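As structure tokens, the structure follows; a few thoughts come after it.
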Amino acid sequence: MTVPTGERVPRADCIADAAGGVTFDIAGTGAPGALLVLRRRGGAGDTVRLPLTPAGGNHSRAVLPSTVELAEGHWDAYTDDGAAVEPGIRDLRALVGRVPEAVRIAVRVPYPTADGRLAVRCWVREPHAEAGDIAVSQGACTVEGVLYGAVLGAGAVAEARLGETVHRVPPTADCAGGRFAVTLEYATLAGPAADGERLWTLWLRPSADAEPVRISRILDDVWDRRNVFVYPAHEGEGYRAAPCYTADNDLCVRLSPPG
Amino acid sequence: MHISFLLHNAYGIGGTIRTTFTLAGTLAERHDVEIVSVFRHREEPTLGAPPGVTMRHLLDLRQGSSTYDGTDPDYTRPARVFPRGDGRWKQYSRLTDARIAAYLRSLEADVVVGTRPGLNVHIARQAPRGPVRVGQEHLTLDSHGYRLRREIAHRYTLLDAVTTVTEADALAYRTRLRLPDVRIEAVPNSVPAPAVAPADGDGTWVVAAGRLLKVKRYDLLVKAFSKVVAARPDWRLRIYGGGDATGNERAALLDLIARRELHNHVFLMGPVHPLEPEWVKGSIAAVTSNRESFGMTIVEAMRCGLPVVSTDCPHGPREIIEDGVDGLLVPVGDEDAIADALLALINDDEFRRRAGAAALKASERFDPARIAERHEALFAELVAGGVRVRSRSALRDVVHRSRGAVLDAAYALRYRAADAVRKGKAA
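In the order they appear, the protein sequences are chains R and Z. To convert, note that position 81 of the first sequence is 81 in my numbering; the numbers rise steadily by one, no gaps. For my numbering, count along the second sequence from 1 and bump the result up by 1000.
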């Protein structure tokens, strides 16, 4: 792609739509055949090439349709001559409070990396357990959520996992709209006192013979909610406990030594 | 016109830098404009140089540069011209005294514009007769300490004009300082039209933005939001902005959010740039400060089509918001009033949309082109007036400057005495 002088670093404005599509607008008109390339970080050869077409007003546009499959992970944006693309204005308002319609949920959130490049965070889930509000009370937390792409049936169970250890609790299900709630007692997760931090990952098994579904929160514009969704900690006997999210927006209960 | 802006550091990040870049870039469409940065510590301006504007610097502090000035012995000797009362005094030196003096002496511009009190003082003291001398005030007279107020009261008499960002501050300059021959004009800051479509008012988010500092009173906003959530649990609040250096305010706010059980409704989003795409995710903006020297975030939110609930604090908000039309003004420090104003907009979809549309329209007056025209008109009028009708005659300059030297010595003694007294008290 020919980058005009004075625009040494290509910069893309993005607009995300609610279905999972993303439009990239780059200043400057590309040469015929110019491409925007998305390459999955750590994924050998995983590449998606999107044609950059003139969009008027000295801009070119590439479109990532919701129908194009992108594996879960981080996809870095480049021009076809290998230059990294800078993030411009990212209009992600359509992602806020998103209620998905498709059974297979594809989430694409354009975001700026720590070193100032444009990347797209992708999740693909089918089925998907979306975490919502979390109530914290004395010694326990209750996670409310919505299950998409599966129905909670007989033998449904929520699981907290730490290595090989699995702790099971029955979810309360509200069949309307797939809503569920899971209450986890911190004391049962605390076990004997430990030195380091332990992260119990949370899963939902829709029925006795179904595969477990990871409980995550991905249906909005927040690609990394570790420092944004902060929950009050409970100080128990010999431990401190609080719900938290991982860098991948998966929900956990964190047990740590008392503060 | 040839216009020269004198800026502390064009290579950093800050409101004054952003505002000066916007103004200089807009004026450069019709005029010959340069920005002279006293300091330069990196290759490119962090905010991106404004198009069409000549950039130069007086002191090179780029590590490894062949013209590096940090080893000059004068660089570590304290400044004498740059006033001690300006908060940046420690960064200035005998070297900046000399370099700024040399720049001003060789000025070929029609207008020279200072962008902070210390630099305005330099211009008043060292610019030759000829160019129009303008001092910009980006903060407020109130926000300056006693020492700086005394210094500018005495020095600004040799400026042709002082511009403030609010009428309230212009009034303070007119009534509290004796500057009979200096034009004092309020010209608000400008905010460009956002690159995103305006908010549609359908979302259920309140948005606030600004560094997490005590003066911003986010604690009040969080408390007010308790009352909002009790009535409308479907509405939520996002606060954008980085913490202060200590991180204490963020920790205090998280603690408050936890105690009020608002962790599902109030979110500290961290620093985000640019803010435009964040404003449009909301339907109402909130400003709960004790003070706003202008109220840039209010204008930014309005330009994105959001009605703003703001405290009626000094100085800017009431000059930006038309109460009840494009936003709501509430008394300073009153959490119930903040909650009631938010709920008035939340509970009345029609009012919220109408106020948002009014905000979008009203905020056009802050467009860079319209604001630049006001500066341009002032500059042009002063240039056309010529040296004679402006405040200064050569004789007055000389008289004022020699009187100044005597006063300087007297002030210096007095400050030293005051310092000694203060130190005594502290010990």
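We put the CB at the ideal spot given by N, CA and C, even for glycine. Just so we're clear, the structure is a prediction, and the values are computed from it rather than from any experiment.
Which listed residue (the options) has its alpha carbon closest to that of residue i
i: residue 1340 of chain Z; options: Z/1166, Z/1316, Z/1220; result: Z/1220
i: residue 116 of chain R; options: Z/1144, Z/1348, Z/1273, Z/1132; result: Z/1273
i: residue 52 of chain R; options: R/32, R/39, R/257; result: R/32
i: residue 1247 of chain Z; options: Z/1145, Z/1022, Z/1211; result: Z/1211
i: residue 1342 of chain Z; options: Z/1081, Z/1164, Z/1207; result: Z/1207
i: residue 1140 of chain Z; options: Z/1162, Z/1084, Z/1028, Z/1265; result: Z/1162
i: residue 177 of chain R; options: R/197, R/244, R/101; result: R/101
i: residue 121 of chain R; options: R/256, R/224, R/97; result: R/224
i: residue 1074 of chain Z; options: Z/1095, Z/1290, Z/1332; result: Z/1095
i: residue 259 of chain R; options: R/230, R/246, R/197; result: R/197
i: residue 1013 of chain Z; options: Z/1026, Z/1048, Z/1229, Z/1069; result: Z/1048
i: residue 1375 of chain Z; options: Z/1018, Z/1002, Z/1023; result: Z/1023
i: residue 91 of chain R; options: Z/1119, Z/1257, Z/1280, Z/1029; result: Z/1280
i: residue 83 of chain R; options: R/97, R/118, R/133, R/166; result: R/118
i: residue 1129 of chain Z; options: Z/1364, Z/1106, Z/1306, Z/1239; result: Z/1106
i: residue 1277 of chain Z; options: Z/1296, Z/1021, Z/1347, Z/1300; result: Z/1300
i: residue 136 of chain R; options: R/28, R/13, R/232, R/69; result: R/232
Counterpart residues of residue i in DSSP-defined beta bridges
i: residue 1161 of chain Z; result: Z/1134, Z/1183
i: residue 1037 of chain Z; result: Z/1007, Z/1057
i: residue 1353 of chain Z; result: According to DSSP, which records beta bridges pairwise, residue 1353 of chain Z is partnered with nothing at all.
i: residue 215 of chain R; result: R/129
i: residue 13 of chain R; result: R/25
i: residue 180 of chain R; result: R/145, R/173
i: residue 1291 of chain Z; result: None, per the DSSP bridge assignment.
i: residue 111 of chain R; result: R/119
i: residue 124 of chain R; result: R/106
i: residue 53 of chain R; result: R/61
Rounded distance between the beta-carbons of residue j and residue i, thought under 8 angstroms
i: residue 1098 of chain Z; j: residue 1315 of chain Z; result: Contact flag wrong, Cβ pair sits at about 36 angstroms.
i: residue 1327 of chain Z; j: residue 1310 of chain Z; result: 6 angstroms
i: residue 190 of chain R; j: residue 149 of chain R; result: Actually they are not in contact, since the Cβ atoms of residue 190 of chain R and residue 149 of chain R sit about 33 angstroms apart, beyond 8 angstroms.
i: residue 1092 of chain Z; j: residue 1079 of chain Z; result: 4 angstroms
i: residue 89 of chain R; j: residue 1196 of chain Z; result: 6 angstroms
i: residue 1439 of chain Z; j: residue 1265 of chain Z; result: Lying outside 1001 to 1427, the shown extent of chain Z, residue 1439 of chain Z is not represented and no answer is given.
i: residue 1267 of chain Z; j: residue 24 of chain R; result: Rounded, the Cβ-Cβ distance is 27 angstroms, inconsistent with contact.
i: residue 1321 of chain Z; j: residue 1298 of chain Z; result: 7 angstroms
i: residue 96 of chain R; j: residue 221 of chain R; result: 5 angstroms
i: residue 77 of chain R; j: residue 38 of chain R; result: 6 angstroms
i: residue 1116 of chain Z; j: residue 1138 of chain Z; result: 7 angstroms
Residue i - DSSP class collapsed to helix/strand/coil
i: residue 1143 of chain Z; result: helix
i: residue 242 of chain R; result: strand
i: residue 1296 of chain Z; result: helix
i: residue 6 of chain R; result: Residue placement at residue 6 of chain R is flagged as unreliable, the pLDDT there being 43, under the threshold of 50; the coordinate-derived value follows with that caveat. Looking at residue 6 of chain R - three-state DSSP - the assignment turns out to be coil, as it is neither helix nor strand.
i: residue 1096 of chain Z; result: helix
i: residue 1169 of chain Z; result: helix
i: residue 1269 of chain Z; result: strand
i: residue 76 of chain R; result: strand
i: residue 1068 of chain Z; result: coil
i: residue 134 of chain R; result: strand
i: residue 231 of chain R; result: coil
i: residue 1197 of chain Z; result: coil
i: residue 140 of chain R; result: strand
i: residue 185 of chain R; result: strand
i: residue 86 of chain R; result: strand
i: residue 203 of chain R; result: strand
i: residue 254 of chain R; result: strand
i: residue 264 of chain R; result: Within the shown structure, residues of chain R are numbered from 1 to 259, placing residue 264 of chain R beyond reach of any answer.
i: residue 1388 of chain Z; result: Since pLDDT at residue 1388 of chain Z reaches only 47, below the 50 mark, its modelled position is unreliable, and the value read off the structure follows with that caveat. Of the three classes helix, strand and coil, the one that applies to residue 1388 of chain Z here is helix, per DSSP.
i: residue 1018 of chain Z; result: helix
i: residue 1002 of chain Z; result: strand
i: residue 1025 of chain Z; result: helix
i: residue 159 of chain R; result: strand
i: residue 1255 of chain Z; result: helix
Quiz item: Is the stretch 1149-1158 of chain Z in contact with the stretch 1114-1129 of chain Z, if contact means three or more CB pairs nearer than 8 angstroms?
Solution: Contact between the stretch 1149-1158 of chain Z and the stretch 1114-1129 of chain Z is present: 3 or more CB-CB pairs across the two stretches fall below 8 angstroms.
Practice problem: State whether the stretch 177-186 of chain R contacts the stretch 143-157 of chain R, with contact taken as three or more CB pairs (one from each stretch) at a distance under 8 angstroms. | Solution: Touching, per the Cβ criterion.
Quiz item: Does the stretch 201-220 of chain R come close enough to the stretch 154-164 of chain R to have 3 or more Cβ pairs within less than 8 angstroms?
Solution: Verdict: yes, contact present.
Quiz item: Does the pairing of the stretch 1032-1043 of chain Z with the stretch 1195-1206 of chain Z give three or more beta-carbon distances under 8 angstroms?
Solution: Verdict: no, contact absent.
Quiz item: Would you call the stretch 245-254 of chain R and the stretch 1006-1026 of chain Z touching, i.e. three or more CB-CB distances under 8 angstroms?
Solution: No, they do not touch.
Quiz item: Pairing CB atoms from the stretch 1189-1199 of chain Z with CB atoms from the stretch 1359-1375 of chain Z, are three or more of them under 8 angstroms?
Solution: The answer is yes - the stretch 1359-1375 of chain Z touches the stretch 1189-1199 of chain Z, with three or more Cβ pairs under 8 angstroms.
Quiz item: Between the stretch 1170-1177 of chain Z and the stretch 1321-1338 of chain Z, are three or more C-beta pairs nearer than 8 angstroms?
Solution: At 8 angstroms Cβ cutoff, the stretches do not touch.
Exercise. Could you name the residues of the stretch 232-248 of chain R whose beta carbon sits closer than 7 angstroms to any beta carbon of chain B, in the order they occur along the chain?
Key: Although the question refers to chain B, the structure presented lacks it and instead comprises the protein chains R and Z.
Quiz item: Do the stretch 37-51 of chain R and the stretch 64-75 of chain R meet, that is, are 3 or more Cβ pairs less than 8 angstroms apart?
Solution: Result yes; three or more Cβ-Cβ pairs closer than 8 angstroms.
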